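Chemist:
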Amino acid sequence: MRLSDAPKGANAVVQSVSDAHPADPIAQRLRDLGFVAGEPVRLVARGPLGGDPLLIQIGSTRFALRKSEAARVDVSVENAA
Amino acid sequence: MSAAALRIALVGNPNCGKTALFNQLTGGRQKVANYAGVTVERKEGRFVAPSGRVLHILDLPGAYSFDATSPDEAITRDVCHGRYPGEAAPDLIVCVADATNLRLHLRFVLEVRRLGRPVVLALNMMDAARRRGIAIDVAALSRRLGVPVVETVAVKRGGAKALIERIDASVPDIVPAAIDVAGVEQLHAEVRSILADTVTMARDTVAIDDAIDRWVLHPVFGLAILATLMFFIFQAVFSWAQPIMDGIEGGIAALGTFVTGFLPEGSALHSLLNDGLFAGLGAVLVFLPQILILFLFILVLEESGYLPRAAFLLDRLMFRVGLTGRAFIPLLSSFACAIPGIMATRSIQDPRDRLTTILVAPLMTCSARLPVYTLLIAAFIPDRAVWGVFNLQGIVLFTLYFAGIFSALGVAFVMKRLRKDKSEHALIMELPSYRLPNVRDIALGLWERALIFLKRVGGIILALTVLLWFLSSFPGPPEGATQPAIDYSIAGRLGRMLEVIFAPIGFNWQICIALVPGLAAREVAVAALGTVYAMSGSDDSVASQLGPLIANEWSLATALSLLAWYVFAPQCMSTLAVIRRETNSWRNVAVAAGYLFGLAYLASFATYQIARALS
Ligand SMILES: Nc1nc2c(ncn2[C@@H]2O[C@H](COP(=O)(O)OP(=O)(O)OP(=O)(O)O)[C@@H](O)[C@H]2O)c(=O)[nH]1
Ligand SMILES: [Mg+2]
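From first to last, the protein sequence lines are chains A and B.
Number 6 in my numbering belongs to position 5 of the first sequence; there are no gaps in the numbering.
Number 483 in my numbering belongs to position 489 of the second sequence; there are no gaps in the numbering.
#1: If you compare alpha carbons, which of B:L445, B:A515, B:C506, B:I188 is closest to L282 of chain B?
#2: Nearest-angstrom Cα distance between E418 of chain B and T13 of chain B?
#3: Can you give the beta carbon distance from L325 of chain B to T359 of chain B, rounded, assuming they're within the 8 Å contact cut?
#4: Can you tell me which of the three DSSP states A13 of chain A falls into?
#5: Name the DSSP bridge partner or partners of M423 of chain B?
#6: Quick one: does the C-beta of G153 of chain B sit closer than 7 Å to a heavy atom of ligand 1?
#7: If you draw a straight line from the alpha carbon of L438 of chain B to that of A93 of chain B, how long is it in whole angstroms?
#8: Does the beta-carbon of C10 of chain B, which I'm using as the reference point, lie nearer than 7 Å to any heavy atom of ligand 1?
#9: Identify whether A362 of chain B lies in helix, strand or coil by the three-state DSSP scheme.
#10: Which of the three DSSP states, helix, strand or coil, is assigned to F329 of chain B?
#11: Looking at the unbroken alpha helix (DSSP H) that takes in D207 of chain B, where does it start and where does it end?
#12: Rank B:A515, B:C506, B:E35, B:L513 by C-alpha distance to the C-alpha of Y527 of chain B and give the top, closest one.
#13: Can you confirm whether A82 of chain A, when its beta carbon is compared against all beta carbons of chain B, has any partner nearer than 8 Å?
#14: What residue from B:G486, B:P79, B:I455 has the CA that sits closest to A519 of chain B's CA?
#15: Between R63 of chain A and V45 of chain A, how many whole angstroms is the CB-CB distance? I'm expecting something under 8 Å.
#16: By Cβ distance below 6 Å, which residues in the same chain neighbour R490 of chain B in space, the five residues on each side in sequence not counted?
#17: Closer than 7 Å, Cβ to any Cβ of chain A: which residues of the segment 395 to 429 of chain B, in chain order?
#18: Grouping DSSP H, G and I as helix and E and B as strand, with all else coil, what is H50 of chain B?
#19: With which residues is G41 of chain A paired in a DSSP beta bridge?
#20: Applying the 10 Å Cβ sphere with the 16-neighbour rule, what's the burial state of S164 of chain B?
#21: Once you ignore the five residues that flank A594 of chain B on each side, which residues in its own chain have a CB closer than 6 Å to its CB?
#22: In chain order, what residues of the same chain lie with their CB nearer than 6 Å to the CB of G31 of chain B, ignoring the 5 residues before and after it?
#23: CA-CA distance, R346 of chain B and L293 of chain B?
#24: Pairs of beta-carbons, one from the segment 135 to 154 of chain B and one from the segment 178 to 193 of chain B, closer than 8 Å: are there three or more?
#25: Determine, using beta-carbon pairs with one atom in the segment 5 to 17 of chain A and one in the segment 142 to 156 of chain B, whether at least three such pairs fall under 8 Å.
#26: Who does L115 of chain B pair with in a DSSP beta bridge?
#27: Return the chain-ordered ranges of every beta strand (DSSP E) run that is complete within the segment 537 to 597 of chain B and spans a minimum of 3 residues.
#28: Within 10 angstroms of its Cβ, does W209 of chain B collect 16 or more other Cβ (buried), or is it exposed?
#29: Can you pull the chain A neighbours of A94 of chain B, defined as C-beta to C-beta under 9 Å?
#30: For F41 of chain B, write down the residues that DSSP places opposite it in a beta bridge.
#31: Apart from the five residues on each side of it in sequence, which residues of its chain come closer than 6 Å, Cβ to Cβ, to Y78 of chain B?
#32: Hey, I551 of chain B and A605 of chain B are a contact pair by Cβ (cut 8 Å); roughly how many whole angstroms apart?
#33: From the DSSP secondary-structure annotation, give me the bridge partner or partners of I2 of chain B.
#34: Since R3 of chain A sits in a beta bridge, which residues does DSSP pair it with?
#35: Suppose only complete runs of 4+ residues qualify. What are the alpha helix (DSSP H) ranges in the segment 331 to 392 of chain B, listed by chain order?
#36: DSSP three-state call for A27 of chain B: helix, strand or coil?
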C-alpha cells in the first residue's frame, strides 16, 4: 500500500519509491533520505487540516511529507499499533 | 609542515552542528538554531591551531545530498566540488555528523568520501548520544570508513579538542575512490552494514520528543497551543516592556535637559542637540526593550526545535494560499527583520515558493515598525481593558500584525493564481529533536541584538536625523516671519509639496517630511517626527512628549491611516536591496515596491475615509 494510506502508528517497511514522472526530483530526494527497499518506517501523526502533511519516522529521523510525496512510497504494513 | 594556510570546509547534513563547531573553532558568532537550513551561505573564519598553523575554516549550508534541490545545498555542492566561483576545492573536508542520527547522516558521509579528498569525520552531539545510550565503536567506524573519526560536542567549551588535535596533526590520506559503491540502494545498504557493526542503540527516538509531539502536533491541541503562544508573545512585547520604556524615556528627557541646559537657548547647537538628537534619537531608543523581548521569544523558539513543528501544523493552510510550510520559518524571522527572513528562504527548494515567500516577507511586521506602531497606539488608542483580560492597545497591535499576515496570504494566493507553472511543490522537512535553550547563548544573542539596534540608532538614524535637522533649519526664516522657522526651510517646502499627494489619505505635511528619510529605514520616521515637531516651535518637545503632542495635533483618522500605511509600505531600502540580491532581478524589486506602495496607499485611503465618515 502507499505510505500516504498507511494507518497512524502502523509499522511499515518500504518496498519501493516510484517516480511520479521521469527524473522526479522528489522521488530522488526521498531515496536519498533513506526511503529504500527494506527500511522500516512509521506514520507518527497527521497534520490538523485534511490530514496533511504526514509525520513519518525513518530511523531516528522524523520528516514531514505531504500526502502527494508519501504516495510515491510503496510500503507493506506489518502490524497496526 | 607547510606554511600555507590549510583550507578546511565543514560539511554535513542540516542541523548536525556545523555552525556551532565553526563558532567554537573560530570564536565566531554565526547563527546557530535548532532546525534544518539555518546557514544559507558560505562563511569564512580563521583559526590558529596549537601548533601555530593558521587554518581557514569554511562553514557551509547543510545538505542531505550533493544532488542539490535548493540554492543553499547548491552552494555546498559547488564548494566541495571546487566549482564555486573564485574558490578552489578545500584542502580538507571535516564531515560533521549527528551521532544521534547516524542512519541518515552516514549516507552523506559516504557521498562526501566519494569526492576523493581528504576527509575527517566529526561525530558531533556525543553528549546527546551518550544520554540516549547510543554506543559507537569509533575505532571500528574509522576502519570501516577509511577516514579518521573524532568525537565532538560543539556546544561545550573544549568540546572540539579531539577535532583540533586531529586537523592540527596532518592531512589524512585520501580514500581510494575504487572502494566506493555506486547507486543509492547500495549506499544505504552500506550504511546499514556499517551501523550494524559499529553502533548499538536502545531505541530510535527520545521518549520526551514523542511525548511532546503527541500534544504539540495534535490536530486540535497543537493548533490551540500555537495560537496561544503567538498571542502571548504579542501581549508580552507590549506589556512587559512598558515599565522599562518609561524608565528610558525619563532618563533621556533628564539627560536632554541637563546637557542642553549649558547651551544658550536659541543657538544652533542647542537646537541641533535638543531637536535633532534628543527629540529624534530619543524617540527611537525607547523601543529597545520591546525589540529585545520580541527577540527573546524568537531565540528561544528557534533553539527549542518548535519552529518546524509550527511549520508542520500550518503547511496545509499555507499550501492552499500558494505558500509552503517551509515558508513559516523565514516569515517568522521576518517579524524580527525582513532581511534575514528573505535570506532564509534559500532553504526553500521550490523556486516558485521561494519567490512568493520573498515577495510577501516585507508584509510581516518587522521590529522596526514597532516604534511607529507603539507611538501611535499609545497616543491614540485608549488604555482600556476589554472583556476583563485583554488590553485594547494590545488588541490593536495584534490586529496590525494580523493585517500583515492576512494580506501576505492574500498576495500569495493572487500570485498562485497568476502562475502558469502548476507542477507539484515539495515539502519534505525534517523535524529535529527538542532542545533546552542555553541561557548563556540566549543572553549573548540578545546582547548582540541590542548592539545592532544601538549601532543603527548611532549610524543611519543619527545621520538622517541630523540631515533632516539641517534641511528643516535652512534656509532660515526671513525678517519679521510669523510662522515657525521650519515653514521656510527646504524640508518645510518639500513637505508641503508632498502633502498634495498624501492629503487624500490624511497625512499632514509633517508626516510627509518624516516619510522621506523614513524610506531608508522605518524607525527613522519616528525620529524624524520628533525632530520636525521639535523644530515646529512647540517649545521643548523632547522624546517623551512626541506622543501627547501628536495626540493633540492629529485626528484619529490620520493616526489610523498612518498605521495602515506602515502595515504595507516598503519603507526600507535594505529590504529592497536584499530582494534584488536574492532574486537577482530588478523586476522583482519593482514588483515588490510597486505592489507594497500600491497596497499602502489604498489601505490608508480606505482607512482614512472610513474613519472620517464614522467620526
Ligand atoms: N547537545 C548538543 N547540541 C548541539 C551540539 N552541536 C550543535 N548542537 C545544537 O544543534 C543545533 C544545530 O546546530 P547548528 O550549528 O545550527 O547546525 P548546522 O549544522 O550549522 O545547521 P545548518 O546550518 O542548518 O545546516 C543547535 O540547536 C545547536 O545548539 C552538540 O554537540 N551537542
Ligand atoms: Mg549552520
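From the three backbone atoms N, C-alpha and C, an ideal C-beta is built for every residue, glycine too.
Just so you know, these numbers come straight off a predicted model, no measurement behind them.
Modeler: Reading it off the structure:
#1: B:L445
#2: 32 Å
#3: Not confirmed; about 11 Å, so no contact.
#4: strand
#5: A:A65
#6: yes
#7: 27 Å
#8: yes
#9: coil
#10: helix
#11: 201 to 210
#12: B:C506
#13: Note on A82 of chain A: pLDDT 47, under 50, position unreliable in the model; no value is reported.
#14: B:I455
#15: 7 Å
#16: W503
#17: E418, A420, L421, I422, M423, E424, L425
#18: strand
#19: It is worth fixing the name first, because residue 41 of chain A is Pro in this sequence and not Gly. A:V14.
#20: exposed
#21: W559, F562, A563
#22: P8, S341
#23: 28 Å
#24: yes
#25: no
#26: B:C89, B:V143
#27: none
#28: exposed
#29: A small fix is needed here, since residue 94 of chain B is Thr in this sequence, not Ala. Ordered by position in chain A, the residues that pass the 9 Å Cβ test against T94 of chain B are S61.
#30: B:L49
#31: D72
#32: Per the sequence shown, the amino acid found at residue 551 of chain B is Ala instead of Ile. Contact holds; Cβ gap of about 4 Å.
#33: B:I51, B:L86
#34: A:D75
#35: 332 to 338, 345 to 354, 363 to 374
#36: coil
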